[in-house]
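Read left to right, the sequence shown gives residues 129 to 584 (this note's numbering). Right, one structure below, let's go through it.
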Amino acid sequence: MKFFSSHILFFSFVIYFGSNFCAQAQTDSLAIAKQEINQDNLGNVTDKFQEYFFQALSQRGIENYEKAISALKKCAEIQPNNVAVFYELGKNYKALEEFDLAEKNLNKALSEKKDNIDILTELYDVYYLTQNYTKAIEVATKLSQYNIDYYEDLANLYVRVEDYQKALEALDYIDAREGESDYRDALRGKIFAENPDKSLEEAYLLEQLENNPSATNSYLALMYFYATQNKLEKTYQIAEQLLEKYSDSKEAHYALYKKYLAEYKDDDAVKSMKTVLESDLGLTMKKEVVKDFVQLVNQKPKYEQDLIESLDKQLANGESNADLAEFYKGRDNNKAIQNLEKVVKQNPNDFASAKDLMLLYLQEKMLSKSILLAEEYMASYPSQPILYLVTGVANNTLGNFGKAEENLLMGVDFLIDNPQMESDFYQQLAIAYQGLGKPKEAEKFQQKFEQLKKTL
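Here it is as structure tokens:
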């Protein structure tokens, strides 16, 4: 329940109330209001009461609340204890934000019709609007007997008064009867975030695990809690419990592989990392694992084949990312290229991966591909000098010296504080001019290259 917007109670004058200005509601309201009058005093009095009551409904229907109240006061002179009059007065005063008078009249109505849903709903709104959360809780508790959604309201109200335990109990109550929901899960998160006493969250999560030891989410929630509190040993303890119950739990392996690495249990670490990489966990987590796996392989090459096997499975499953390509570079450039091509296809805006790919094309003498890719990115990144350097190198290698000269002269103008790349431009320009039969120009840029190289 989202407070006022989600009240689904039935507002009508089925008993004696009218909430909207329409002919049927007016007829019902008037008929019921007449029942409140002593049967011995019908006749002119009843007709007058009906006239004023009808006028009050009409005026409220067009949002003329002051005139509605005036008419209702005349009704009260005729019948001082009419519940319908109190109820209507309460609604009109609430509309005018005269909340004290609204509360007074609604309570008068409630004293005559105890636990009436319509009256309680109006009174609840008054208390919520005036931020009288203690009284709002009292009323919402009564309403929850008729509509379970009010337990969500109660949870929110308990948060307002910082009674977090009761807020959790209210959410658990409705979950047990209607199942879990994203909204209530988010509200629990808000409760835990706002409560400075983290022991409440810990106790709650431990209880959830105890009550449902087969639910993976119970372990994960507790692991996450301990991790955010920097209680790594407890995080590992829960992860080990999860692993004992579910030996293939990818989440448990993800949590434990760093522990194994720190304890030099390399075989266990490799097993856990392979489990994660071959699972359906997100790429962000897998990238972290690949990075740590590569570091382990660099220190202990005997595990290289394990890493390669896992990475090959990633490619077979259609998963690729720049970290995998980074590992393959220098080891297997063709697989690095295969990986980067997928990255660039999936995300054309990943300029860093596109740059790595065109450089690998150059390295593997895939010159036409490097030129095509660089020229494609010139449309979106016209001031990136690396694109012109790549096309310059490729065209020089292909013997297209005129095209190389054009690309290199254009790109060198975009250089800013990058002496290494500047020296590369000068070297390639020297090669281009040599190929064009312009030895003086070639010598000029060769000297620039050699002078700059000395400073690097």
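Beta carbons: idealized from backbone N, C-alpha and C, even for Gly.
Quick one: what's got a C-beta closer than 7 angstroms to residue i's C-beta in the same chain, skipping five residues either side?
i: A570; result: A558, Y561 and Q562
i: T155; result: Legend: pLDDT at T155 = 38, less than 50; position of this residue unreliable, no value from coordinates given.
i: V254; result: K222, F227, A230, E231 and L234
i: Y180; result: A199, K202 and C203
i: V398; result: Y431 and D434
i: Q574; result: A558
i: K572; result: none
i: K497; result: Y489
Compare the Cα-Cα distances from residue i to each of the options and report the closest residue.
i: L411; options: L452, Y311, A367 and S377; result: L452
i: E280; options: V418, E308 and T258; result: E308
i: S551; options: F181, K428, G565 and K576; result: K576
i: T583; options: A184, P547 and Y180; result: P547
i: I465; options: F479, K473 and Y489; result: Y489
i: N426; options: F455, D408 and S407; result: F455
i: F353; options: G317, A507 and Y388; result: G317
i: K373; options: L337, G565, Q574 and L389; result: L337
i: G458; options: L536, T519, K441 and L487; result: L487
i: S272; options: A298, E290 and Q556; result: A298
i: Q187; options: N220, K393, P208 and A450; result: N220
i: Q555; options: V422, S481, L580 and M538; result: L580
i: K441; options: V418, K497 and Y215; result: V418
i: N461; options: L485, L515 and N477; result: L485
i: L543; options: P510, A532 and I366; result: P510
i: N467; options: P476, A450 and N477; result: A450
i: R288; options: A349, M538, D300 and T258; result: T258
i: N209; options: K428, F177 and N260; result: F177
i: F479; options: S508, P324 and K294; result: S508
i: G520; options: M506, E504, Y505 and I499; result: I499
How would you write the range of the alpha helix (DSSP H) that residue i sits in, first residue to last?
i: R312; result: D310 to E322
i: I366; result: L360 to K373
i: D303; result: Y292 to E306
i: G218; result: V211 to A223
i: R288; result: Y278 to R288
i: E379; result: K378 to A390
i: M486; result: F479 to Q491
i: Q427; result: L411 to Q427
i: T249; result: I245 to L257
i: G520; result: P513 to L526
i: P547; result: P547 to G563
i: D396; result: D394 to L405
i: D541; result: Looking at the DSSP string, D541 is not in any alpha helix (DSSP H), and its letter there is neither H nor E.
i: P567; result: P567 to T583
i: A184; result: N172 to G189
i: A264; result: Y261 to L271
i: M506; result: L495 to M506
i: A343; result: Counting along the chain, A343 falls outside any alpha helix (DSSP H), and DSSP gives it neither H nor E.
i: D325; result: Element bounds for D325: n/a, residue is neither H nor E.
Between residue i and the rest of its own chain, which residues show a CB-CB distance below 6 angstroms, the 5 nearest in sequence each way excluded?
i: L370; result: Y347, S377 and A380
i: L495; result: A522, T525 and L526
i: V213; result: L200, C203 and A204
i: K463; result: Y456
i: A349; result: L333
Residue i to residue j, Cα distance in whole Å?
i: N284; j: E191; result: 31 angstroms
i: V567; j: Y431; result: Per the sequence shown, residue 567 should be read as Pro rather than Val. Their backbone Cα atoms lie some 53 angstroms apart in a straight line.
i: S400; j: S327; result: 31 angstroms
i: Y311; j: D277; result: 12 angstroms
i: K386; j: D243; result: 59 angstroms
i: L384; j: R305; result: 36 angstroms
i: T174; j: K201; result: 15 angstroms
i: I197; j: E266; result: 28 angstroms
i: E406; j: L296; result: 37 angstroms
i: K414; j: E225; result: 56 angstroms
i: K270; j: L282; result: 11 angstroms
i: E194; j: Y292; result: 41 angstroms
i: E240; j: G218; result: 14 angstroms
i: N345; j: M351; result: 10 angstroms
i: A502; j: Y516; result: 8 angstroms
i: I514; j: G565; result: 26 angstroms
i: A159; j: N275; result: The pLDDT assigned to A159 is 40, lower than 50, so where the model puts this residue is not dependable; a value taken from the coordinates is nonetheless given after this. Going by the C-alpha atoms only, they are around 28 angstroms apart.
i: Y388; j: D394; result: 7 angstroms
i: G189; j: A331; result: 52 angstroms
i: E164; j: A268; result: The predicted position of E164 is uncertain, since its pLDDT is 46 and thus under 50; a value taken from the coordinates is nonetheless stated next. Going by the C-alpha atoms only, they are around 28 angstroms apart.
i: E290; j: T356; result: 22 angstroms
i: T183; j: V211; result: Position check: residue 183 holds Gln in this sequence, whereas Thr was assumed. Using only the alpha carbons, I get a separation of about 17 angstroms.
Looking only at its own chain, which residues have a Cβ that is under 8 angstroms from the Cβ of residue i, when we skip the five neighbours before and after it?
i: T403; result: D376, K378 and H381
i: L238; result: N244, I247, L248 and L251
i: E368; result: A380 and L384
### Cβ pair count under 8 angstroms reaching 3, the stretch 355–362 against the stretch 339–346
no
### Task
Decide if the stretch 469–484 is in contact with the stretch 429–440; the criterion is three or more beta carbon pairs, one per stretch, under 8 angstroms apart.
no
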